[in-house]
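Q:
Pasting the structure below:
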């Protein structure tokens with residue numbers, strides 16, 4: 001899975017996906 005930094009995907013969704021799907025801690029998901 002590749003996540004791109006674009007203007008259409010909200011940051012909250014990316015953080016949620018990293019935390020819930022990939023089990024990243026909150027600090028790492030916000031990087």
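Numbering (the UniProt record's numbering), first residue to last: 1 to 31.
Cβ atoms here follow ideal geometry from the backbone N, Cα and C, with glycine treated the same way.
If you run the structure through DSSP and keep just helix, strand and coil, what is residue 23?
A: It is coil, neither helix nor strand.
Q: Contact check, residue 3 vs residue 14 under 8 Å by CB: the rounded distance?
A: That belief holds up - the Cβ atoms of residue 3 and residue 14 are roughly 6 Å apart, short of 8 Å.
Q: Taking just the CA atoms, how far does residue 11 sit from residue 26?
A: About 12 Å.
Q: Reducing DSSP to helix, strand and coil, say where residue 8 ends up.
A: In the structure shown, residue 8 sits in coil (DSSP, three-state: anything other than H, G, I, E or B).
Q: Rounded to whole angstroms, what is the Cα-Cα separation between residue 28 and residue 17?
A: Near 12 Å, if we compare the C-alpha coordinates of residue 17 and residue 28.
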